[in-house]
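In full-length UniProt numbering, the protein residues as written are 1 to 251.
Working notes for the structure below.
Structure, rendered in structure tokens:
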């Protein structure tokens with residue numbers, strides 16, 4: 001089986017992704033920034049020989065270099081790079097109210113981190129002529145949609161759309177695909193929830209009638225990482241249940 005590298009894979013939208021890859025029999029390296037309790041919770045459910053946990057801040061290049069080095073040493077070449085981590089500012093405010101530090105944090109964590117990880121993993125993927133890269137966006141990112149109160153985050157993710165597609169073109173000859181998933185309005189416990197659990201809670205805001213979950217994202221990612229999914233590259237998938245995440249907050 002393969003080796004998946006999942007940033008922020010111990011909680012939130014990364015948790016179900018980690019569990020899906022583990023249940024599929026893959027070796028998994030995950031990073032976490034500070035919440036060690038969630039790491040211990042995850043490790044208690046899976047054998048330690050299949051999962052490797054590394055503390056790392058994705059906004060720091062040296063942490064990413066160390067994480068990839070340790071991952072390669074433990075499980076060999078990274079076959080599946082899942083760029084799940086990404087800082088987010090929950091306070092709703094306009095661009096002029098952002099500090100320079102907040103702007104830089106959004107760019108470093110959501111765009112620069114992916115650049116560094118691509119540089120660190122693609123050479124080995126090229127050598128084996130196989131690789132799967134998954135980046136995270138937001139609903140509307142593919143059209144460079146404006147997102148009020150989320151300017152810094154949105155700018156980084158829209159840039160990541162272009163990078164996702166460019167890498168797809170550049171690396172196709174080496175058997176490497178690059179795609180993006182855009183989660184819907186998954187909040188709170190739903191980020192780590194299953195689809196079955198979501199169906200037991202009616203959501204009037206989402207057209208299909210239930211909230212988006214971490215499992216919705218995980219099963220889509222695992223499909224994109226299959227060997228036979230090589231025809232799918234440079235694509236942006238919106239996994240939203242029909243909800244317009246951006247414009248529901250324009251009032």
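Glycine residues also receive a C-beta, built at the ideal position from the N, C-alpha and C atoms.
Taking the alpha carbon of residue i as the reference point, which residue from the options has its own alpha carbon closest?
i, options, result
"residue 216", "149, 232, 202 and 238", "238"
"residue 243", "235, 55, 176 and 207", "207"
"residue 28", "8, 4 and 69", "4"
"residue 46", "54, 21, 226 and 35", "21"
"residue 111", "52, 25 and 59", "59"
"residue 187", "240, 154, 175 and 159", "240"
"residue 176", "25, 126 and 8", "126"
"residue 225", "200, 180 and 209", "180"
"residue 92", "39, 154 and 33", "154"
"residue 61", "116, 100, 44 and 52", "116"
"residue 75", "228, 218, 41 and 2", "2"
"residue 24", "178, 40 and 51", "51"
"residue 114", "219, 184, 87 and 18", "87"
"residue 159", "138, 30 and 173", "138"
What residue range is occupied by the uninterrupted alpha helix (DSSP H) comprising residue i?
i, result
"residue 123", "113-128"
"residue 222", "214-224"
"residue 173", "Unbroken run through residue 173: none, as it is neither H nor E."
"residue 18", "13-23"
"residue 39", "36-43"
"residue 227", "Looking at the DSSP string, residue 227 is not in any alpha helix (DSSP H), and its letter there is neither H nor E."
"residue 105", "100-107"
"residue 199", "195-199"
Please classify residue i: is it buried, with 16 or more other beta-carbons within 10 angstroms of its beta-carbon, or exposed?
i, result
"residue 233", "buried"
"residue 15", "buried"
"residue 37", "exposed"
"residue 202", "exposed"
"residue 80", "buried"
"residue 106", "buried"
"residue 189", "exposed"
"residue 143", "exposed"
"residue 9", "buried"
"residue 129", "exposed"
"residue 31", "buried"
"residue 11", "buried"
"residue 228", "exposed"
If I follow the unbroken beta strand (DSSP E) through residue i, where does it start and stop?
i, result
"residue 255", "Outside the shown range of the chain (1 to 251) lies residue 255, about which nothing can therefore be said."
"residue 178", "176-183"
"residue 75", "No beta strand (DSSP E) holds residue 75; the alpha helix (DSSP H) holding it covers 61-75."
"residue 238", "236-239"
"residue 27", "27-32"
"residue 4", "3-6"
"residue 188", "From DSSP, residue 188 is part of no beta strand (DSSP E); its letter is neither H nor E."
"residue 92", "Run containing residue 92: none; DSSP gives neither H nor E here."
"residue 131", "131-136"
"residue 82", "80-83"
Assuming residue i and residue j form a contact by the criterion Cβ under 8 Å, report the distance between their Cβ atoms to the nearest whole angstrom.
i, j, result
"residue 13", "residue 191", "5 Å"
"residue 221", "residue 140", "Incorrect: roughly 20 Å between the Cβ atoms, too far for contact."
"residue 149", "residue 94", "7 Å"
"residue 83", "residue 135", "5 Å"
"residue 77", "residue 124", "4 Å"
"residue 7", "residue 85", "4 Å"
"residue 178", "residue 171", "7 Å"
What I want to know is whether the C-beta of residue i ends up closer than 6 Å to one or more non-hydrogen atoms of the ligand FAD.
i, result
"residue 175", "As far as ligands go, the structure on display features none, and thus does not contain the ligand FAD."
Are there three or more Cβ pairs, one per stretch, closer than 8 Å when the segment 69-80 is compared with the segment 110-130? yes
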